[in-house]
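Protein chains in written order, with the numbering used here: chain A, 1 to 178; chain B, 1 to 172.
For every residue, glycine included, the Cβ atom is placed at its ideal position computed from N, Cα and C.
Just so we're clear, the structure is a prediction, and the values are computed from it rather than from any experiment.
Structure (structure tokens):
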């Protein structure tokens, strides 16, 4: 009988030792891990909401400015440009595209043009149409008009703006992640 | 032949009390191990979950930075293009106004437009016509205007009109 009682006491000690030395610390660890998971999950929810907001904003901005974004990415094609706008002129020629400078984030290409127009209206129509072109094109000074019999000879420079490589890669990186 | 009237007690290796004790403690230890295992597994699951969430958080943060950069760049593009479109429209209006300014009596042969300068070449029937009909409006636009006249055989004058905008004065 004493033998069984002693065994029961030993077993009880083992149970208590196991409970206090292993089970309770393990329970604390579990509680901390659960709290940490909840905290991180809450943080992620907040960041996910912020991400959704920024994503919506970006998508709306991209949708509203689709033409401008595309125009800055489009490589200037002198032949296509000439074909699109020669209807405003009697004759219209473009010189070779040359790298001019950098304007902030944009590479600027300079194109010299010479043309013959019947009246200034042709030039006004061209200026209206160039704002809707495939590229971002600015007409620059000096502009020279000279009478040539019944026509007006005009020459001017255009600046074509193209988004820099760095900016382009940024944009495509972001698009890939979305 | 029987030696005893009582039935012999069956002998066991372990007693019934010991068996009861062993059963009880086995159940207790089993439950303790089960609890411990459950806690360990759940802890590992939470830790793994935290790692996944932290990785997701990092990705989201990086994507937000990239998207904000993208938004800023689109806004720069928008602002830049609007500036260019406005400049083109203003240029069109300026040229329109310039040609509207020239009276029918005066014929222009050349016009050179620079950022702060306008040079006109043309013919006028008289100096007075030029001065009243063209020079006066030009003076109201430009800060400095200089005109040279050259008499022509038919009594008319050819003229060169140079007009300047002073940037400092324009800013004031």
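- Straight through space, the alpha carbons of residue 27 of chain A and residue 38 of chain B are spaced by roughly 10 Å.
- Taken in chain order, the unbroken stretches of alpha helix (DSSP H) that lie wholly in the stretch 115 to 155 of chain A and span 4 residues or more are 120 to 130.
- When the Cα atoms are used, residue 92 of chain B and residue 143 of chain A turn out to be separated by approximately 11 Å.
- Residue 158 of chain A counts as buried, since no fewer than 16 other beta carbons sit within 10 angstroms of its beta carbon.
- For residue 120 of chain A, the closest C-alpha among the options A/75, A/22, A/90 is that of A/90.
- Across the structure, residue 78 of chain B and residue 53 of chain A are spaced so that their CA atoms are roughly 20 Å apart.
- Residue 108 of chain A is outside the set of residues whose beta carbon lies under 8 Å from a beta carbon in chain B.
- Residue pairing by DSSP leaves residue 67 of chain B without any beta bridge partner.
- At least one beta carbon of chain B lies nearer than 8 Å to the beta carbon of residue 68 of chain A.
- Counting only residues of its own chain and dropping the five nearest sequence neighbours on each side, residue 68 of chain A has a CB closer than 8 Å to the CB of 136.
- Cβ neighbours of residue 116 of chain B within its own chain (closer than 7 Å, five residues either side excluded): 164, 165, 167.
- With a beta-carbon spacing of about 6 Å, residue 141 of chain A and residue 113 of chain B fall inside the 8 Å limit used to define contacts.
- Distances from the alpha-carbon of residue 40 of chain A to those of B/136, B/118, B/51, B/105 put B/51 closest.
- Closer than 8 Å to the CB of residue 109 of chain B there is at least one CB belonging to chain A.
- Taking 8 Å as the cut-off, the beta carbon of residue 132 of chain B is found no closer than this to the beta carbon of residue 159 of chain B.
- The three-state reading of DSSP puts residue 165 of chain B in coil, since its state is none of H, G, I, E or B.
- Around residue 62 of chain A, the same chain offers 69 as residues with beta carbons nearer than 8 Å, after the five sequence neighbours per side are excluded.
- Within the same chain, Cβ atoms closer than 6 Å to the Cβ of residue 145 of chain A are found at 152, 154, the five residues on either side in sequence being excluded.
- Contact check for residue 131 of chain A against residue 85 of chain B passes: the beta carbons are separated by less than 8 Å.
- Comparing alpha carbon positions, the residue from B/127, B/18, B/32 closest to residue 106 of chain B is B/127.
- Closer than 7 Å at the C-beta level to chain B, one finds these residues of the stretch 8 to 40 of chain A: 8, 11, 15, 18, 19, 22, 23, 26, 27, 29, 30, 33, 34, 36, 37, 40.
- In the DSSP annotation of this structure, residue 122 of chain B is not part of any alpha helix (DSSP H); the continuous beta strand (DSSP E) holding it starts and ends at 117 to 124.
- Exclusion of the five residues before and after residue 86 of chain A leaves 92 as the residues of its chain whose Cβ lies within less than 8 Å of its Cβ.
- Membership of residue 19 of chain A in any alpha helix (DSSP H) is not indicated, and neither H nor E is assigned to it by DSSP.
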